[in-house]
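These notes are about the structure you will find just below.
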Amino acid sequence: MSDLVVHGHCDSKFEAVRRGFVENFTQRDELGASVAVVYEGELVVDLWAGYGDADRTRPWLEDTLVNVWSVGKAMTALTLLHLLENRNIDVNSRVADHWPEFAQAGKGQITLAQAMSHQAGLCGIDSPLPTDAYFHWDLMTAAIARQKPWWVPGQAHGYHTNTFGFLLGEPLQRIAGQSFSDYFQQQIAGPLGMDFQFGVAAVQQHRCADLTFLDRAGVGLAAPVMALDASDTLGAMRERVANNPPLLSLGVNSTAWRRAVFPSTNPQSNARSVARCFGELALIAAGKRVGVISQAQLNRATQIVSDGLDLNVQRPTRFGLGFQLTQPDRPLGPNPGTFGHYGNGGHLGFADPSRSLGFAYHMNHQGFAWRDPRNITLTDAVYRSL
Numbered sequence: 001m002s003d004l005v006v007h008g009h010c011d012s013k014f015e016a017v018r019r020g021f022v023e024n025f026t027q028r029d030e031l032g033a034s035v036a037v038v039y040e041g042e043l044v045v046d047l048w049a050g051y052g053d054a055d056r057t058r059p060w061l062e063d064t065l066v067n068v069w070s071v072g073k074a075m076t077a078l079t080l081l082h083l084l085e086n087r088n089i090d091v092n093s094r095v096a097d098h099w100p101e102f103a104q105a106g107k108g109q110i111t112l113a114q115a116m117s118h119q120a121g122l123c124g125i126d127s128p129l130p131t132d133a134y135f136h137w138d139l140m141t142a143a144i145a146r147q148k149p150w151w152v153p154g155q156a157h158g159y160h161t162n163t164f165g166f167l168l169g170e171p172l173q174r175i176a177g178q179s180f181s182d183y184f185q186q187q188i189a190g191p192l193g194m195d196f197q198f199g200v201a202a203v204q205q206h207r208c209a210d211l212t213f214l215d216r217a218g219v220g221l222a223a224p225v226m227a228l229d230a231s232d233t234l235g236a237m238r239e240r241v242a243n244n245p246p247l248l249s250l251g252v253n254s255t256a257w258r259r260a261v262f263p264s265t266n267p268q269s270n271a272r273s274v275a276r277c278f279g280e281l282a283l284i285a286a287g288k289r290v291g292v293i294s295q296a297q298l299n300r301a302t303q304i305v306s307d308g309l310d311l312n313v314q315r316p317t318r319f320g321l322g323f324q325l326t327q328p329d330r331p332l333g334p335n336p337g338t339f340g341h342y343g344n345g346g347h348l349g350f351a352d353p354s355r356s357l358g359f360a361y362h363m364n365h366q367g368f369a370w371r372d373p374r375n376i377t378l379t380d381a382v383y384r385s386l
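To convert, note that position 354 of the sequence shown is 354 in the UniProt record's numbering; the numbers rise steadily by one, no gaps.
Right under this line is the structure:
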């Protein structure tokens, strides 16, 4: 991008991050993006550049939002952890204790901890769903309540790609007596100064960047339906995850998509907000700050609960209670003890308690790599700067 102008500020100590950010545009086809680093409680990098649309008519602005995908899973888990701690509810309590309808189909013993660590066996819905099902909270929670687990809960794990937010959000709503999104805004986003939205009002949607997708030989996420082998039980599950309903047939740049409260998949935010959150959590985990949850609750949530072969994504994954944990083939920085979440397309936010650091990178040009070279470039630059 020859006309690139980088906006924001970058502490001179982190100039390598600015250079890496520029390289993502000049060498890796970035369209529009923001990157942020919070170090020892200070926002030391807050940069944005590029465009919010494929035609390059809308500049990426300081308040531009973008779909950060599964980074929302970490925020969903944090919100539930906050509520459970405030109400003195054990994470090992049963989901059905708070959501009685969930006990259908043999699910009465599934715990909140199992749901948070992707062990509940509810990755996909077997019965056919309408195309716009993800836009309707009550429809999705009723479908999850009826669903029989795909494996024995607690004996394996599989990434709950699109059901995770409803699975955690419904018991949260039952306990809190208010909507998931309102509780998040009041208890998490507001206190942390985050512009992170589960459901963007129509009058605010002009701030949202349009997503574009890197081609992957003409197949995959750019196609409305994914061709998957459904000849066995787990194959059938993976087919349902991808195609019931087909996610991208919903129109990820549509008003309806952005307005929906679909916590695992469609939240809109920016790097500054996500880095603020993870920077705060890094300090809490290190015992350097009293914050939105206690050190004990956070440390409990960032211990390994699920580790090894993931029955949905068919490769090793590692989770605590809702947070992705660093692992050899998909590290969250170079240090042990880091936690956060990747998002589809290259998005990333994480906390490093050992360095009192929060990092986030969000973009609208979506890639397909398990480890995206754009965020690798930036995280490497961050740690060279410390």
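In this text, a Cβ means the ideal position worked out from N, Cα and C, and glycines have one as well.
(1) By how many angstroms is the C-alpha of Asn344 removed from the C-alpha of Leu43?
(2) Keeping to the same chain, check which residues put their C-beta closer than 7 Å to that of Arg87; ignore five residues upstream and five downstream.
(3) What would DSSP say about Ala217, mapped onto helix, strand or coil?
(4) By how many angstroms is the C-alpha of Gly50 removed from the C-alpha of Arg56?
(5) By DSSP, does Thr26 sit in helix, in strand, or in coil?
(6) Can you check the stretch 257-310 for any alpha helix (DSSP H) of at least 4 residues that lies completely inside it and give the ranges in chain order?
(7) Do Phe339 and Leu348 have their CB atoms nearer than 9 Å?
(8) Assign Ala256 to buried or exposed, taking buried as 16 or more other Cβ atoms, counted over all protein chains shown, within 10 Å of its Cβ.
(9) Rounding to the nearest angstrom, what Cα-Cα distance links Gly165 and Gln268 in this structure?
(10) For His9, count neighbouring C-beta atoms within 10 Å of its own C-beta (all shown protein chains included) and say buried if the count is 16 or more, exposed if not.
(11) What is the DSSP secondary structure of Asp46, counted as helix, strand or coil?
(12) Considering only the alpha carbon of each residue, which of His160, Phe184, Leu298, Phe278 lies closest to Glu40?
(13) Which same chain residues end up closer than 6 Å to Ile89 when comparing Cβ atoms and leaving out the 5 residues on each side of it in sequence?
(14) Are Gly337 and Thr302 closer than 9 Å when you measure CB to CB?
(15) For Ala36, which residues from the same chain have a beta carbon less than 6 Å from its beta carbon, with the 5 sequence-adjacent residues on both sides left out?
(16) CA-CA distance, Gly218 and Pro246?
(17) Given a threshold of 16 other Cβ atoms within 10 Å of its Cβ, counted over all protein chains shown, does Val66 qualify as buried or as exposed?
(18) Distance check for Gly199 and Tyr159, CA to CA, integer angstroms please.
(19) Between Val305 and Phe180, how many whole angstroms is the CB-CB distance? I'm expecting something under 8 Å.
(20) How long is the line joining the alpha carbons of Val38 and Val71, rounded to whole angstroms?
(21) Is it buried or exposed, Gln155, if we count other Cβ atoms within 10 angstroms and call 16 or more buried?
(22) Is the beta carbon of Gly320 less than 9 Å from the beta carbon of Ser117?
(23) Nearest-angstrom Cα distance between His98 and Gly367?
(24) Keeping to the same chain, check which residues put their C-beta closer than 8 Å to that of Asn299; ignore five residues upstream and five downstream.
(25) Can you give, in chain order, each stretch of the beta strand (DSSP E) that sits fully within the stretch 297-381 and has at least 3 residues?
(26) Within a Cβ cutoff of 8 Å, which residues of the same chain sit near Ser356, ignoring the five residues on either side of it in sequence?
(27) From the DSSP output, in three-state form, read off Arg19 for me.
(28) Going by the CB atoms, is the gap between His157 and Gln205 shorter than 9 Å?
(29) I'd like the list of long-range same chain contacts for Gln295, defined as Cβ closer than 6 Å, with 5 residues on each side in sequence excluded.
(30) For Gln119, which beta-bridge partners are listed by DSSP?
(31) Applying the 10 Å Cβ sphere with the 16-neighbour rule, what's the burial state of Pro263?
(32) Taking the beta carbon of Gln109 as the centre, do at least 16 other beta carbons fall within 10 Å, making it buried, or is it exposed?
So, from the data block:
(1) Cα to Cα, Leu43 sits roughly 25 Å from Asn344.
(2) Result list for Arg87: Ile175, in chain order.
(3) Because the pLDDT at Ala217 is just 38, under 50, the model does not fix this residue reliably, and the value given afterwards should be weighed accordingly. Shown here, Ala217 sits in coil according to DSSP, grouped into three states, outside any helix or strand.
(4) Roughly 8 Å between the two C-alpha positions.
(5) The answer is helix: DSSP assigns Thr26 an H, G or I state.
(6) Listed in chain order, they are 271-285, 295-301.
(7) The answer is no: Cβ separation not under 9 Å.
(8) Only exposed fits Ala256, as fewer than 16 other CB atoms lie within 10 angstroms of its CB.
(9) Roughly 14 Å separates the two Cα atoms.
(10) Taking all protein chains in view, the Cβ of His9 is surrounded by fewer than 16 other Cβ atoms within 10 Å, so the residue is classified as exposed.
(11) Strand at Asp46.
(12) Selected option, being the one with the closest Cα: Phe278.
(13) Here the set comprises nothing.
(14) Closer than 9 Å, so yes.
(15) The answer, listed in chain order, is Val45, Asp46, Ala271, Arg272, Ala275, Ala360.
(16) Caution is warranted here: a pLDDT of 33 is assigned to Gly218, below 50, making its placement in the model unreliable, and the coordinate value is therefore given only provisionally. Between Gly218 and Pro246, the C-alpha separation is close to 16 Å.
(17) Buried, because 16 or more other Cβ atoms sit within 10 Å of the Cβ of Val66.
(18) The straight-line gap from Cα to Cα measures roughly 23 Å.
(19) Wrong, their Cβ atoms sit about 22 Å apart, outside the cutoff.
(20) Their Cα atoms are separated by approximately 17 Å.
(21) Exposed: under 16 other Cβ atoms inside 10 Å.
(22) In this structure, the beta-carbon distance from Gly320 to Ser117 falls below 9 Å.
(23) Using only the alpha carbons, I get a separation of about 38 Å.
(24) Contacts found: Ala285.
(25) Listed in chain order, they are 306-309, 316-319, 339-343, 347-352, 357-363.
(26) Taking C-beta separations shorter than 8 Å and ignoring five residues to either side along the sequence, the partners of Ser356 in its chain run Tyr39, Glu40, Gly41, Gly279, Ala282, Leu283, Ala286, Lys288, following chain order.
(27) In the three-state reduction of the DSSP assignment, Arg19 falls in the helix class, which pools H, G and I.
(28) The beta carbons of Gln205 and His157 sit no closer together than 9 Å.
(29) Beyond the five residues adjoining it in sequence on each side, Gln295 comes within less than 6 Å, by CB distance, of Ile284, Gly287 in the same chain, given in chain order.
(30) BP columns for Gln119 are empty, so no partner.
(31) Label assigned to Pro263: buried.
(32) It is exposed - the Cβ of Gln109 has fewer than 16 other Cβ atoms within 10 Å.
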